[in-house]
Amino acid sequence: MKGTIVRCLCEMIEKAHGADTWARIMETAGHRTGKLAITMDIVDVDDALVMGLVQATCTVLGITAGQAANAFGEYWSCTFGPANYPKIYERFHSAREMLLGMDQVHIEVTSSVPNARPPRFDYAWSDPRTLNVSYKSNRGMVEIFAGLARGVGKHFNEPLDVTVRDAGSVQIVFAA
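Quick note on my numbering: the sequence shown kicks off at 39 and runs consecutively.
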């Protein structure tokens, strides 16, 4: 996984709960220091480290994995992403456009960032408002994707009903 995920999680926690809380999360996850030296998006971070930090976040904050996924997704989609990847966000004018464009964004990332392995997506419409997304990744982070999809809806101020169907699929229902 890329270091940008940990950078975003750290920033989110420190802004909402303070640096001391991030230090407790790091300690709970088995790390000695309050900050990881992750400054570049292309730095590779072990998946187990990231998942350990997410689990520690749930423990320290007393929240569920779903709540953590939603908080992360909203922060990434509404704050971190637009600040760090403005050219990507400028391409899209609605939640629908952005969600349907993410597979192409991931193709571009894969070609330009060494060792990038972002999830891939297939899309199928059940009806004009209901998008079924096939989430293809060995990481098993479909809840994070659902949180990100909800965050995209908030970014565009568009209500979305996002439901995880199973480990590899999410259903997104767009408002009218």
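Backbone N, C-alpha and C fix where the C-beta goes; we use that ideal spot for every residue, glycine too.
Is any non-hydrogen atom of the ligand SAH found closer than 8 Å to the C-beta of Q93, if you look at the structure I gave you?
In the structure shown, the ligand SAH is absent, as is every other ligand, since no ligand is present at all.
*asked:* What does the Cβ neighbour count give for S115, buried or exposed, with the cut at 16 atoms within 10 Å?
replied: Label assigned to S115: buried.
* For N195, count neighbouring C-beta atoms within 10 Å of its own C-beta (all shown protein chains included) and say buried if the count is 16 or more, exposed if not. => Flag for N195 reads exposed.
- prompt: In whole angstroms, what is the alpha-carbon distance linking M78 and I126?
  reply: Residue confidence for M78 is low, a pLDDT of 45 falling below 50, so the modelled location carries little weight and cannot support an answer.
Item to check | First through last residue of the beta strand (DSSP E) which encompasses A214 | outcome: Per DSSP, A214 lies in no beta strand (DSSP E) and is assigned neither H nor E.
message: Using C-beta distances below 7 Å, list every residue in its chain close to V202, excluding the 5 sequence neighbours before and after it, in chain order.
response: Around V202: V180, E181, A184 and V208.
Per-residue burial, H131 [other beta carbons within 10 Å of its own, 16 or more giving buried]: With fewer than 16 other Cβ atoms inside 10 Å of its own Cβ, H131 counts as exposed.
What is the DSSP secondary structure of F130, reduced to helix, strand or coil? Residue state, collapsed to three classes: coil.
Quiz item: Taking the C-alpha atoms as reference points, what is the distance between A205 and N176?
Solution: A straight line joining the alpha-carbon of A205 with that of N176 spans about 10 Å.
- Task: Would you please state the rounded distance, in angstroms, between the beta carbons of T156 and T148? I believe it to be under 8 Å.
- Result: Per the sequence presented here, residue 156 reads as Pro, with Thr not at that position. That belief holds up - the Cβ atoms of P156 and T148 are roughly 7 Å apart, short of 8 Å.
Next on the checklist: Using C-beta distances below 7 Å, list every residue in its chain close to R62, excluding the 5 sequence neighbours before and after it, in chain order.
Outcome noted: Correct list, in chain order: V98.
* Asked: My guess is that E112 and R45 are in contact by the Cβ rule of under 8 Å, so how many angstroms apart are they, rounded?
  -> Contact between E112 and R45 is absent: CB atoms are separated by about 16 Å, not below the 8 Å threshold.
### Classification of N153 by the beta-carbon crowding that lies within 10 angstroms, buried from 16 upward
By the Cβ-count criterion, N153 is exposed, with fewer than 16 other Cβ atoms from all chains shown falling within 10 Å of its own Cβ.
### Query
If you follow the beta strand (DSSP E) that D204 is part of, which residue opens it and which one closes it?
In the DSSP assignment, D204 falls within the beta strand (DSSP E) that extends over L198 to D204.
| query | Near Y161, which residues of its chain fall below 8 Å by C-beta distance, leaving aside the five closest residues on each side in sequence? | reply | So the list reads L138, D141, L169, N170, V171 and S172, once near-sequence residues are dropped.
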